[in-house]
Each structure stands twice: as structure tokens, then as C-alpha cells.
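Enquirer: Position in the sequence shown (first residue = 1) + 83 = our numbering.
The beta carbon of each residue, even a glycine, is placed where N, CA and C say it ideally should be.
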Amino acid sequence: MTRSRFIHKLSARRWVLGILLGSAVALAVVYARNLCQGYEALLTLLDLVQRAPAGAIDIRPAARRTPLTFAVEERHYRADLYRTGDPVLAGIVFVPGAAAEGKEDARVIRFAMTLARARFAVLVPDIVALRELKLLPDTARDVADAVTYLRSRNELAPAGRAGILTTSVAVGPALLALLDSSLSRRVRFLISVGGYFDLPRVLTYFTTGHYDAHGLSLKNTPHEYGKWVYALSNASRLENARERYLLGTLARRKLVNPEAEVNDLLAALSTEGRQVYDFIANRNPARSAHLLSRFPPALRRDVERLNLAARDLSGIETRFILVHGLDDPMIPYVESVALAAALPAGQSQIFLPRGLVHVDVAPDVMDGVRMWNAIYALLSERYL
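#1: Looking at ILE399 and PRO368, is the spacing between their C-beta atoms short of 8 angstroms?
#2: Compare the beta carbon distance of LEU239 and GLY174 with 8 angstroms and say whether it is the shorter of the two.
#3: Rank ARG336, ALA350, GLU355 by C-alpha distance to the C-alpha of ARG327 and give the top, closest one.
#4: Would a C-beta distance cut-off of 8 angstroms place PRO150 and GLY168 closer than the cut-off?
#5: Quick check: what's the CA-CA separation for ALA227 versus VAL452?
#6: With a threshold of 8 angstroms, are at least 3 pairs of Cβ atoms found where one atom belongs to the stretch 222 to 237 and the other to the stretch 183 to 198?
#7: Sort out for me which residues DSSP pairs SER275 with in a bridge.
#8: I need the DSSP call for VAL285, collapsed to helix, strand or coil.
#9: Is there contact between the stretch 376 to 384 and the stretch 237 to 254, where contact requires at least three CB pairs shorter than 8 angstroms?
#10: Do you know how far the Cα of ARG161 is from the Cα of ALA154?
#11: Would you check if the distance between the CB atom of LEU216 and the CB atom of ALA245 is smaller than 8 angstroms?
#12: Using three-state DSSP, classify VAL112 as helix, strand or coil.
#13: Measure from the alpha carbon of LEU125 to the alpha carbon of each residue in GLU464, LEU467, ILE458, then state which is nearest.
#14: At what residue ranges does the stretch 126 to 207 contain a whole run of the alpha helix (DSSP H), taking only runs of 4 or more?
#15: Suppose you measure from the CA of TYR466 to the CA of ARG202; what does that come to, to the nearest Å?
#16: Please state the DSSP three-state secondary structure of HIS297.
#17: Please classify LEU110 as buried or exposed, where buried requires at least 16 other C-beta atoms within 10 Å of its C-beta.
#18: Work out the CA separation of TYR294 and ARG284 for me, nearest whole Å.
#19: Would you identify the three-state DSSP class for PHE362, choosing helix, strand or coil?
#20: Give me the residue from ARG336, LYS302, GLY429 with the minimum Cα distance to THR291.
#21: Is PHE72 near LEU131, with beta carbons less than 8 angstroms apart?
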């Protein structure tokens with residue numbers, strides 16, 4: 084063998100060896116990162132269910148909550164920002180569903196603290212409509228403004244890594260924000276917990292206890308408290324001041340006692356208030372579509388705009404992580420299954436654990452593996 088051929092073969096072997104060693108190092112780095120992220124997902128899960136390990140095991144820094152104000156195009160907002168002292172890996176706008184305490188809800192604070200310890204910057208805006216238990220299409224602008232502000236601060240969304248977290252019905256306005264603006268290209272991911280797809284179908288289940296779609300048939304007791312909260316929160320949408328007062332008074336009376344007599348108020352209601360009452364009080368699912376079609380115009384438009392089943396979602400570029408408890412008594416889990424099917428192929432992951440009761444975790448019966456997988460998927464977004 085000539086010297087030149089020997090050197091050529093040696094160089095080739097070195098090249099192959101270099102590739103193999105490089106691949107081995109790369110695999111080791113990936114494996115190590117995956118292993119660390121898996122352990123971090125476990126710590127995050129334990130933190131979420133308030134069963135955190137001893138400090139000697141979980142050495143991640145504590146998160147702090149900082150109130151702030153921000154403005155986008157002269158629209159002013161109050162919010163809370165959660166983060167640790169470590170560099171942030173990605174930002175999240177957290178939009179809780181309709182809840183009277185809003186960003187002050189203990190569950191919201193705990194969840195935001197947990198995510199912040201995983202090196203997310205978590206911005207929780209005070210969205211007045213949701214705090215007033217109103218599900219409105221215009222809330223989409225509030226969500227978009229919060230994302231715009233978060234992304235404007237590079238230390239909170241490094242390299243533009245920003246996403247949205249929604250619980251319950253807040254997925255509707257968040258998706259409208261992605262559809263009605265260029266936001267989809269700027270929001271890397273959206274995680275929905277206990278969300279919906281077909282709003283009329285969910286409202287029918289809410290009021291009648293019947294659900295028959297996507298291969299799931301349910302017949303449960305209607306959620307009496309929730310029905311009258313819906314009536315109360317939407318009374319202000321009626322055009323007539325007297326109707327607003329009468330429907331609001333009726334709803335408050337029913338909230339105190341679902342069996343309370345309201346005939347005196349019903350006799351005084353005219354068209355608008357009666358249309359809402361008839362839908363709320365209806366127990367026959369076959370009549371729901373007709374009663375919804377008779378809603379006052381403003382309410383009917385809200386339902387139409389917020390009905391994701393009527394929207395074309397094929398152009399959305401955002402990645403979705405959908406988490407829905409199999410035991411959800413408020414919104415059936417197949418709503419998230421249907422939403423996943425409507426999104427572009429390959430852009431959604433869905434996790435259906437037990438022990439997630441709408442948006443509340445029941446640690447004793449929780450499906451830890453599926454919850455861990457969902458958290459792992461979310462933590463992965465910090466690097467994508």
C-alpha cells in the first residue's frame with residue numbers, strides 16, 4: 084500500500100470516527116437534557132399538586148409575583164408578572180377562564196408560580212370581562228395586547244419564544260386572537276386546559292345535562308349554579324335597562340335558591356329577558372338550537388363569533404397542547420378531541436388524564452403519567 088493511500092484511509096477512518104464521536108456526544112447531550120427535563124417535569128407536577136419534595140431535592144429558586152401596568156395603543160391594563168431570578172427561557176400569557184377573582188384566584192396564583200419556577204415568565208393580565216364572568220369576542224383584543232407587550236420585552240420572551248395558556252372557556256377568545264390578527268405567527272404555542280370547540284353544544288350540555296356528539300353520550304344533572312351565573316353575567320348585554328334589571332334580579336334569586344319562585348319577575352319580563360330565561364330554563368336538548376336562534380342579537384352574535392366549530396382553523400401556525408380531564412363535569416373531554424381534529428395536522432398534542440376535574444387537580448386519583456407527559460410537552464416549548 085502506498086503512503087498516500089494509507090494516509091487517505093487513515094483520514095477516512097478519522098472522519099468516520101469523528102462523526103461517530105460527534106453523534107455520540109450529541110446523543111448524550113440530548114439524552115441528558117431529556118433526562119433533566121423529565122425530572123423537572125416531575126418536580127413541576129409535584130409542585131402543581133402541592134406535594135413538592137424536600138428542598139434538598141428541589142433546589143429551583145422560588146418565584147416572585149410583581150404587579151405592573153402596561154399599555155398597547157393607549158389601551159391600559161393591570162397585570163401580575165411571575166418569574167424567578169434566573170434567566171427566562173420563554174414567556175407565557177396566562178388567561179384564566181371566567182372567574183370572579185380573576186388573577187387573584189388562588190389556583191391562578193399557584194399555577195403561575197409553578198410555571199415561573201420552570202423558568203417561564205408568566206404574565207397574568209386582569210381581563211375585566213372574564214372577571215365579570217362574561218365570555219365576549221372582544222376579549223381577543225386583550226389577549227393580543229398582552230402577547231404584544233410580553234414579546235416587546237426580550238428578557239421575558241427571549242428569541243420571541245412566547246405562548247398562551249388558557250383554562251376553560253378562555254380558549255375561545257385566545258383562538259379568536261390567533262385568527263383575527265398576525266398573532267399566530269408570533270405565538271409559538273398555546274396550551275388549553277379544559278377548553279371547548281362547539282360552543283352551542285357545550286351551552287346545551289350546560290343547561291340540559293345532555294351531550295351527544297363525537298361518540299360520547301351523556302345525560303347528567305344540569306349545572307344549576309353555572310346556568311344562573313351565565314344569565315346574570317349576560318343580563319348587562321340586553322339593550323333595555325328594565326330587562327337588564329329584571330333578568331339580573333331573577334338570576335340572583337336563583338343563585339341563592341335554585342328552587343326560588345320567580346313568577347313575579349317572569350310576568351314582568353318582555354321579549355329580550357324572556358328569550359334568555361327560556362334558554363337557561365330549558366331541559367329539552369332538542370329545543371336548544373331553536374331557543375339559541377331566538378337569543379337577543381348581541382348575545383347571538385357573541386355565541387356565533389365564539390363558536391370555534393364554525394371557524395376555519397387550517398391557517399393557524401401555532402402549536403397546541405390540549406389537556407382535558409376525562410372526568411370533566413363542565414365541558415366534555417371530547418370537545419378538546421374535536422378541536423385537535425380541526426387544527427392543522429401535526430400541530431397539536433392532546434392529553435386526557437383522569438383526576439383533572441375541569442381545571443382542578445384531584446391528586447389522589449390523578450393520572451400522573453399523562454399529566455407528566457403534558458408538562459413535559461410544555462417544558463419542551465422553552466427550546467423550540
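Expert: In brief:
#1: no
#2: yes
#3: GLU355
#4: no
#5: Between ALA227 and VAL452, the C-alpha separation is close to 33 angstroms.
#6: no
#7: THR249, LEU405
#8: helix
#9: no
#10: Cα-Cα distance, rounded: 9 angstroms.
#11: no
#12: Unreliable positioning characterises VAL112 in this predicted model, as indicated by a pLDDT of 43, which lies under 50. A coordinate reading is not provided.
#13: Between LEU125 and the set GLU464, LEU467, ILE458, the nearest pair of CA atoms involves ILE458.
#14: 189 to 200
#15: Going from the Cα of TYR466 to the Cα of ARG202 covers about 11 angstroms.
#16: In this structure, DSSP gives HIS297 a state outside helix and strand, which the three-state scheme calls coil.
#17: In this prediction, LEU110 has a pLDDT of 38, which is less than 50 and means its spatial position is unreliable; nothing more can be read from the coordinates.
#18: If you draw a straight line from the Cα of ARG284 to the Cα of TYR294, it comes to about 7 angstroms.
#19: Correct three-state label for PHE362: helix.
#20: LYS302
#21: A question about residue 72 goes unanswered here, because the residues of the chain that appear run from 84 up to 467.
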